[in-house]
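See below for the structure under consideration.
Number of protein chains: 2
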Amino acid sequence: MKIVELKSRKSKRKSVKIGEGLPIKINANIGTSPVGIDLKKELKKVDIAIKYGADTIMDLSTGGNIRRIRKEILSYSKVPVGTVPIYEVFCRASRKGLSIKNIDEKFFLEVLYEHFEDGVDFVTIHSAVTGKAIEILKKTKRVGGVVSRGGSLTLRWMIETGKENPYYKYFDEIMRYAKENSVTLSIGDGLRPGAIDDSLDELQTSEIEIQGELIKIAMKNNVKAIVEGPGHVPLNEVEKQIKFIKEKTYGAPLYVLGPIVTDVAPGYDHITSAIGGALAGYFGADFLCYVTPSEHLSLPDIEDVKLGVIACKIAAHSANVARGIKDEFDDRIFSKARRKLNWKMMQKLAIDPEKIKKRKKGVECSMCGKYCALKQV
Amino acid sequence: MKIVELKSRKSKRKSVKIGEGLPIKINANIGTSPVGIDLKKELKKVDIAIKYGADTIMDLSTGGNIRRIRKEILSYSKVPVGTVPIYEVFCRASRKGLSIKNIDEKFFLEVLYEHFEDGVDFVTIHSAVTGKAIEILKKTKRVGGVVSRGGSLTLRWMIETGKENPYYKYFDEIMRYAKENSVTLSIGDGLRPGAIDDSLDELQTSEIEIQGELIKIAMKNNVKAIVEGPGHVPLNEVEKQIKFIKEKTYGAPLYVLGPIVTDVAPGYDHITSAIGGALAGYFGADFLCYVTPSEHLSLPDIEDVKLGVIACKIAAHSANVARGIKDEFDDRIFSKARRKLNWKMMQKLAIDPEKIKKRKKGVECSMCGKYCALKQV
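Chains X and C supply the protein sequences, listed in that same order. First residue of the first sequence: 23, per my numbering; consecutive thereafter. First residue of the second sequence: 23, per my numbering; consecutive thereafter.
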């Protein structure tokens, strides 16, 4: 499937289609952390994310009663909701006082199926992190290490137990249940580069090969599946990355996390990812996960969510324009309004109308005043 | 000259080299407007711009005693200072009660030479806006109109007087004085697209041809000259634009204003221009002019200047990395520090150290807490 509709069997939320030829969609991550548990705040993040154009929400909660929080978010959100069940596997095990090596593989499946049961529209499972990765990890000279929470927790469990990743081992069973529940499987990139130096290294490329194998099986079985992509990628490798992943994964819808094009700008990763996301979208990514200014620093607050969504929307729209795909914004109509200094019209058409509403009144803007270029010829 | 050193004969400020093979430099515009005159504030903008990495400053003042303000900024700034003398031509004429058609062509030169005398390091002159543009303007279907202040004021004067642009007509004389004073001529793009729809239209391309002719003459006469580029350019045309301009202007250092890749995001044009600027830099632009969040809305305040400089720095650095050119930031060393959760080291190495300083203390960040990916394997 080159186009996937995110909507589970039980969902009353609107559906969203992602994939080839469609306008690029964007996702906003929300959720509690062990040191930040406030459901009301998370629901406010849902509101602000949707207000500024998030097409989907992912609940990445790792603090508090995760299932209860998920259910609240599922009933609150008007847009599709995704989750990463493995977080809950480790959080619940930890609360039960279980050490990592004592987590049973069946528990990975049990938690995953609870997410299906609760009606999530899509889940990230890091099924492409396998025993092979442990071999590569031993000899790797990665600069950034393993930066995916799901990926690193899976590896840790595999190393401690000596067993294969349950989300890989039981992939057939998982597919069956996913299909039954009409849940989309997002094949995570647990080994994505977390430093631009690691872009397209052996850990990443070997995982992409496995993502491709799994996607092939999913397509054969008519199971909705998408692929997750990086990560940290230098500007000059974005095209290569996107085309490589698209080719290896049979054109399945590609969901990228950024990519961010430099590592040195914490506090501004909504910008580093807008650069990478716009380019990734132009070269074929279908779905962009936002990155907020607080990435690499802290759990995002509400303002971070707003800035993250807007920056991601800018990236998606810029890529849509470059690909000649219409979305909800129209640069030509907007610029015609600007040409006439028609602020009311611009306010209606802008990505963030409030920025125009809040400007000082006056026909021209306060940068040029009466020397406004638009009034001369 | 494919490399130009910005430093005038009288300058005691440090010099900055721009051009082929060098790390991309960035410029921050400051200056008063008719409705915002506060010298102290402008000097604070100089401080903050330099603090966050601006390599040069342009004083675009159009409010208050422009010459006095310029002299203050020239003596205050530690980095090269550029100006756009035509603004002062029109401001002073207006104050004298002169209508546009009564401004004498000699006054254009008089004001320009005052800027040379005052010791500015580079000046933008819109010498490539000529009578030819008026012909094209009559039949053009531009969406965004003429958005360069200098370009539109020049056209207005030419239309009202029926005369040729003095900065074109007297280009030879201007070159001589510029050379004497070691001032760099920045050949402005008065007809740049101000809407992505207008990218590479006849108005723009015909001006680029003339920019090329002027650059050729300047090179022949060993006069320091650079070229200004757009503007509003869709993502898919950035490469074409940059390569076209570079080719037509004999590889002269290219100074781009953005480019911004969508028109619909006022309030976030530091982001739309970071996308375009990173790409432009990757494809050969040498010098990026920042765009602040307040572009298209108001005169920037101090926070806008900070955000504009940082976004522009991110674009420049990302492009430097992609081109394999070392600058003051090192992604590998930074990511090694991140791998070790060494926040002190990251603080030293980040584009904005304060963002790291202000985070909540703790070994891991508050997004994942004890589930930090970096601590698992």
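Glycine is no exception: its CB is placed at the ideal position from the N, C-alpha and C atoms.
Residue i classed as buried or exposed, judged by whether at least 16 other C-beta atoms fall within 10 angstroms
| i | result |
| --- | --- |
| R381(X) | buried |
| N244(X) | exposed |
| K246(C) | buried |
| D60(C) | exposed |
| R164(C) | buried |
| R92(X) | buried |
| N203(X) | buried |
| R214(C) | buried |
| E269(C) | exposed |
| D194(X) | exposed |
| K358(C) | buried |
| G53(X) | buried |
| E110(C) | buried |
| S10(C) | Residue 10(C) is absent from the model: chain C starts at 23 and stops at 399. |
Interface flag, residue i vs chain C, CB-CB below 9 Å
| i | result |
| --- | --- |
| T152(X) | no |
| T183(X) | no |
| P281(X) | no |
| A337(X) | yes |
| Y393(X) | yes |
| S97(X) | no |
| Y192(X) | no |
| T294(X) | yes |
| V343(X) | yes |
| A76(X) | no |
| N49(X) | no |
| E224(X) | no |
| Q233(X) | no |
| G166(X) | yes |
| K358(X) | yes |
C-beta neighbour in chain X for residue i, strict 9 Å
| i | result |
| --- | --- |
| C311(C) | no |
| I218(C) | yes |
| Y14(C) | Residue 14(C) falls outside the range modelled here, since chain C spans only 23 to 399, and no answer is possible. |
| H254(C) | yes |
| E376(C) | yes |
| N87(C) | no |
| T146(C) | no |
| L301(C) | yes |
| T263(C) | The question names Thr, yet the displayed sequence has Gln at residue 263(C). So no, Q263(C) is outside the interface. |
| N364(C) | no |
| G289(C) | yes |
| G426(C) | This structure cannot settle anything about residue 426(C), because the visible part of chain C is limited to 23 through 399. |
| V286(C) | yes |
Short Cβ contact (9 Å threshold) for residue i with residue j
| i | j | result |
| --- | --- | --- |
| F356(C) | D285(X) | yes |
| G280(C) | V313(C) | yes |
| S170(X) | G212(X) | yes |
| V399(C) | R178(X) | yes |
| Y304(X) | S208(X) | no |
| K118(C) | T183(C) | no |
| A307(C) | A341(C) | yes |
| V145(C) | T176(C) | no |
| P56(C) | A338(C) | no |
| I88(X) | R114(X) | yes |
| G273(X) | E42(X) | yes |
| S99(X) | R35(X) | yes |
| I264(X) | A217(X) | no |
| G173(X) | G234(X) | no |
| T78(C) | K47(C) | yes |
| G289(X) | K377(C) | yes |
| A395(X) | V168(C) | yes |
Expected contact under 8 Å - CB spacing of residue i and residue j to nearest Å
| i | j | result |
| --- | --- | --- |
| I297(C) | A155(X) | Actually they are not in contact, since the Cβ atoms of I297(C) and A155(X) sit about 33 Å apart, beyond 8 Å. |
| S149(X) | L236(X) | 6 Å |
| I181(X) | I230(X) | Rounded, the Cβ-Cβ distance is 22 Å, inconsistent with contact. |
| I291(X) | E250(X) | Looking at the sequence provided, one finds Asp at residue 291(X) rather than Ile. That pair is no contact at about 17 Å. |
| P102(X) | S37(X) | 7 Å |
| V205(X) | V142(X) | 6 Å |
| I282(X) | T294(X) | 4 Å |
| K379(C) | Q369(C) | 6 Å |
| K67(X) | I324(X) | 6 Å |
Counting only runs of 3+ residues fully inside the region 172-214 of chain X, write out the beta strand (DSSP E) ranges in chain order.
206-209
Can you give, in chain order, each stretch of the beta strand (DSSP E) that sits fully within the region 46-103 of chain X and has at least 3 residues?
47-52 and 78-81
Restricting to runs no shorter than 4 residues, where is the alpha helix (DSSP H) found entirely within the region 107-152 of chain C?
107-117 and 127-140
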